[in-house]
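> Have a look at this one.
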Amino acid sequence: MLSMKNISLKCLLMLSLLALCGLRGSSAMAEDAAAFLATMDNASATLRYPAWTTAEKYGPSVIVPLGEKMEAADRSKSQDLKRAIERIVHQAGQPGADAERKAVAAELVKLLVPDRSAKVKNEILDLLGYIADESNLSTIEPLLADEAVRVEACRAIQRIPGRAATECLEKSLEKSQGDFTIALLGALGQRKDKSAGPALEKFMNQSNGDLKLLSLEALAKSGALPPRELRKGFESIGKPIDPDVRANIRLMFADNLAAQGETERARKIYESLLKAKDGDQIPIAAQKGLDSLSKK
Numbered sequence: 103m104l105s106m107k108n109i110s111l112k113c114l115l116m117l118s119l120l121a122l123c124g125l126r127g128s129s130a131m132a133e134d135a136a137a138f139l140a141t142m143d144n145a146s147a148t149l150r151y152p153a154w155t156t157a158e159k160y161g162p163s164v165i166v167p168l169g170e171k172m173e174a175a176d177r178s179k180s181q182d183l184k185r186a187i188e189r190i191v192h193q194a195g196q197p198g199a200d201a202e203r204k205a206v207a208a209e210l211v212k213l214l215v216p217d218r219s220a221k222v223k224n225e226i227l228d229l230l231g232y233i234a235d236e237s238n239l240s241t242i243e244p245l246l247a248d249e250a251v252r253v254e255a256c257r258a259i260q261r262i263p264g265r266a267a268t269e270c271l272e273k274s275l276e277k278s279q280g281d282f283t284i285a286l287l288g289a290l291g292q293r294k295d296k297s298a299g300p301a302l303e304k305f306m307n308q309s310n311g312d313l314k315l316l317s318l319e320a321l322a323k324s325g326a327l328p329p330r331e332l333r334k335g336f337e338s339i340g341k342p343i344d345p346d347v348r349a350n351i352r353l354m355f356a357d358n359l360a361a362q363g364e365t366e367r368a369r370k371i372y373e374s375l376l377k378a379k380d381g382d383q384i385p386i387a388a389q390k391g392l393d394s395l396s397k398k
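Mind the numbering: the sequence shown is residues 103 to 398 in this note's numbering, read in order.
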């Protein structure tokens, strides 16, 4: 019969062996990651291929080193480095991988520091759009003021769910100028967040010409335009509107009416668009809208 002393000694030995195995496992993983990064730094695309196509198994820890290597890389190597990060991002973006997604996003935002080049920042912002959440906005939002990366920052924020992301775009819209204003209006419309309605309506009332029309388009797309305000919006533009542009806005408006349960009003607009035959795609989309109503 074993004594308590012998049992304790055996337990201690087993724990020591487990700890040693863990250390060896961590060391092996670090060595594998180092070998992977060295291969990704190789000048040969043939050698890099088997590395970047299995990049997801190395996880978040290799993201920053990969991004740093993009700075001095030629076009071919830079593409492979991004592909490697992209595989890690897509792995983290799978359903049920919330912890991994947050870890990967946290590593990506580390590459948005001021001394990083616009080339790298734009690539990273493109990837962040797939997995970022409200917790990453504090790093991404300031880049809306950086002319070199603001368009990609806008696109990344556009994909982040929640009211906080909409507010970031609204605040930027208030002080924006030129082409970037168009990008912001497009992003606010694409988000389909009705809460953007007051900001878009205010901007439309303060604008003229094309910007006023783009604001109306964003309102229609977002679902924030009240059901009986479309005609008034068209009249407020103050100049002739291209028939295709008008038809596209009416189509988006009808889609939102259908989503809100205003099926009869949506049906009338769809039928009107089918008869008018503006553009190549509008009648096709209008028919799809009618088909979807018949299924409800």
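Even glycine gets a Cβ: it sits at the ideal position worked out from N, Cα and C. Computed from a prediction, not measured in an experiment: that's the story for all the values here.
So what does DSSP say about I57, is it helix, strand or coil?
Nothing about residue 57 can be reported from this structure: the residues present for the chain run from 103 to 398 only.
> Whole angstroms are fine: how far does the CA of A174 sit from the CA of R352?
The count along the sequence shown starts at 1 and reaches residue 352 at position 250. The count along the sequence shown starts at 1 and reaches residue 174 at position 72. Computed Cα separation, rounded: 48 Å.
> By Cβ distance, which residues of its chain are closer than 7 Å to G291, with the 5 residues on each side in sequence left out?
By one-based count along the sequence shown, residue 291 stands at place 189. If we look at G291 and ignore the five residues flanking it on each side, its Cβ neighbours are E319, A320, K323, S324.
> Once you ignore the five residues that flank N310 on each side, which residues in its own chain have a CB closer than 8 Å to its CB?
Position 208 of the sequence shown, counted from the first residue, corresponds to residue 310. So the qualifying residues of the chain are G340.
> Have a look at E373 and A205 and give me their C-alpha separation to the nearest angstrom.
Reading the sequence shown from its first residue, position 271 is the one you call residue 373. Reading the sequence shown from its first residue, position 103 is the one you call residue 205. Taking the straight line joining both Cα atoms gives about 49 Å.
> With DSSP run on the structure shown, which of helix, strand or coil describes V251?
Your numbering for residue 251 matches position 149 in the sequence shown. Reduced to three states, the DSSP call for V251 is coil.
> With a threshold of 7 Å on Cβ separation, who are the neighbours of V191 within its own chain once the five nearest residues in sequence on each side are excluded?
Working through the sequence shown from its first residue, we reach residue 191 at position 89. Closer than 7 Å at Cβ, skipping near neighbours: V206, L229, Y232, I233.
> Using beta-carbon positions only, say whether A247 and T268 come within less than 8 Å of one another.
For the purposes of this step, residue 247 is taken as residue 145 along the sequence shown, with counting starting at 1. For the purposes of this step, residue 268 is taken as residue 166 along the sequence shown, with counting starting at 1. No, the Cβ-Cβ distance between A247 and T268 is not below 8 Å.
> Decide if the segment 165–180 is in contact with the segment 192–202; the criterion is three or more beta carbon pairs, one per stretch, under 8 Å apart.
Result no; under three Cβ-Cβ pairs closer than 8 Å.
> Around the Cβ of S278, are there at least 16 other Cβ atoms within 10 angstroms (buried) or fewer (exposed)?
Numbered from 1 along the sequence shown, position 176 holds the residue referred to as residue 278. The residue is buried, with at least 16 neighbouring Cβ atoms inside 10 Å.
> Classify G291 as helix, strand or coil using the three-state DSSP reduction.
Translated into positions along the sequence shown, residue 291 becomes position 189. In the structure shown, G291 sits in a helix (DSSP, three-state: H, G or I).
> What does the Cβ neighbour count give for L315, buried or exposed, with the cut at 16 atoms within 10 Å?
As a first step, residue 315 is located in the sequence shown; it is residue number 213 there, counting from the start. The residue in question, L315, is buried, as its Cβ has 16 or more Cβ neighbours within 10 Å.
> Closest by CA to M354, which one among E337, Q383, S338, K377?
Within the sequence shown, residue 354 is the residue found at index 252, counting from 1. If we check each option's Cα against that of M354, Q383 comes out closest.
> Of the choices L395, V347, K223, G335, whose alpha-carbon is the least far from that of Q362?
The count along the sequence shown starts at 1 and reaches residue 362 at position 260. Here the closest residue by C-alpha is L395.
> Give the single residue among A285, L327, M172, L286 whose Cα lies nearest to the Cα of P401.
Since the displayed the chain opens at 103 and closes at 398, residue 401 lies outside it and no answer follows.
> Give the straight-line distance between the Cα atoms of A132 and T156, rounded to the nearest whole angstrom.
The residue given as residue 132 occupies position 30 in the sequence shown. The residue given as residue 156 occupies position 54 in the sequence shown. Distance between the alpha carbons of A132 and T156 is about 16 Å.
> Considering only the beta carbon of each residue, do I262 and E236 sit closer than 8 Å?
Residue numbering aside, residue 262 sits at position 160 when the sequence shown is read from its first letter. Residue numbering aside, residue 236 sits at position 134 when the sequence shown is read from its first letter. Yes, the pair counts as a contact, with Cβ atoms nearer than the cut-off.
> DSSP on L327, reduced to helix/strand/coil?
For this step, residue 327 is matched to residue 225 along the sequence shown. Coil at L327, not helix or strand.
> Excluding five sequence neighbours on each side, which residues of the same chain lie with their C-beta closer than 8 Å to the C-beta of A135?
Your numbering for residue 135 matches position 33 in the sequence shown. Contacts found: Y160, S163, V164.
> Is it buried or exposed, S146, if we count other Cβ atoms within 10 angstroms and call 16 or more buried?
Counting from one through the sequence shown, the residue named residue 146 turns up at place 44. S146 is exposed by the Cβ-count criterion.
> Excluding the five sequence neighbours on either side, which residues of its own chain have a C-beta within less than 7 Å of the C-beta of I226, listed in chain order?
Here residue 226 refers to the residue found at position 124 of the sequence shown. G169, L210, L213, L214.
> So L399 and C256 are in contact, right, with Cβ under 8 Å, and what is the actual spacing, rounded?
Residue coverage of the chain in this structure runs from 103 to 398, which leaves residue 399 outside it and unanswerable.
> What residue range does the alpha helix (DSSP H) around Q181 cover?
Indexing the sequence shown from 1 puts residue 181 at position 79. Counting along the chain, the alpha helix (DSSP H) containing Q181 begins and ends at 177–194.
> Relative to the C-alpha of I187, which residue among L149, P216, S219, L139 is closest?
Translated into positions along the sequence shown, residue 187 becomes position 85. Looking at the Cα atoms, L139 is the closest of the given residues.
> Taking just the CA atoms, how far does P244 sit from A250?
In the sequence shown, the residue the question calls residue 250 occupies position 148. In the sequence shown, the residue the question calls residue 244 occupies position 142. One C-alpha to the other measures close to 12 Å.
> From R218, D143, E202, pick the residue whose C-alpha is nearest to that of Q181; which is it?
Along the sequence shown, read from residue 1 onward, the residue named residue 181 stands at position 79. When only C-alpha atoms are compared, the closest one is D143.
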